[in-house]
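*Asks:*
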Amino acid sequence: MTSTGDPERVRLIEQIMRTQEHIFELLQEDRARAWLQVDLTIQQIKVVFLAVREGSLTAGKISRELGVGFSTVTGLVDRLVEHGLVDRGEDPQDRRATRVTPTGAARELVQRLYAYRRDTMLRLLDHVPTAKLLELDQGLSSVEAAARELTESTTSPL
């Protein structure tokens, strides 16, 4: 729901939302193709993304982030070590803690998935006329500014 009662504004926002959903539906097959090439479970992928984002993290942090127990984290990390996606070692600050670090293969996997999305968007945008790209750039810049304002003014996620 929007913060204003302006019917035209409400109609435009609803139309933008429908258009965005339709674009995502049209590109779903392309997006699925990239993810289906990854021979990992969703939980394992989450750990890989966490490790790449953090650079190095403890098993405890993985447990908290995923909302799972330590035994589950141990199994996830074991399988990721077997896949060559993370290394496991002692935390230099706390020898009782296990530290999980992404390997180059993990970084490459994440980059490949992001690149696939980027390539799809480049192919799509290449079919949009230049004048419309200028309008789109202006519109998306406004959305980016609104997102920045929302995230800076509140502690809750969008």
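In my numbering, the protein residues as written are 10 to 167. The beta carbon of each residue, even a glycine, is placed where N, CA and C say it ideally should be. Fair warning: this is a prediction, and the values are worked out from it, not measured in the lab.
#1: Does the segment 111 to 121 come close enough to the segment 86 to 97 that 3 or more CB-CB pairs lie under 8 Å?
#2: Thinking C-beta only, is ALA68 closer than 9 Å to TYR125?
#3: Could you work out which residue in ARG18, GLN29, VAL119 and LYS141 is closest to LEU49 when comparing CA atoms only?
#4: Looking at the structure shown, is THR28 part of a helix, part of a strand, or coil, going by DSSP?
#5: Shortest alpha-carbon distance to GLY98 belongs to which of SER151, LEU66 and ALA154?
#6: Hey, quick one: how far does the beta strand (DSSP E) through GLY98 stretch, first residue to last?
#7: Please confirm whether LEU59 and ILE71 have their CB atoms less than 9 Å apart.
#8: What is the rounded straight-line gap between the Cα of LEU75 and the Cα of GLY84?
#9: Given a cut-off of 9 Å, decide if VAL57 and LEU95 are closer than it, judged by their beta-carbon atoms.
#10: Can you give me the C-alpha to C-alpha distance between ARG73 and THR81, rounded to a whole angstrom?
#11: In terms of residues, what are the limits of the beta strand (DSSP E) holding VAL109?
#12: Which residues bound the alpha helix (DSSP H) around ARG62?
*Replies:* In short:
#1: Taking 8 Å as the limit for Cβ pairs, the verdict is that the segment 111 to 121 does touch the segment 86 to 97.
#2: no
#3: Ranking the options by Cα distance to LEU49, first place goes to VAL119.
#4: helix
#5: The alpha carbon of GLY98 has as its nearest neighbour, out of SER151, LEU66 and ALA154, the alpha carbon of LEU66.
#6: 95 to 99
#7: yes
#8: 13 Å
#9: The sequence as given places Val at residue 95; Leu does not occur at that position. The answer is yes: Cβ separation under 9 Å.
#10: A straight line joining the alpha-carbon of ARG73 with that of THR81 spans about 12 Å.
#11: 107 to 111
#12: 51 to 63
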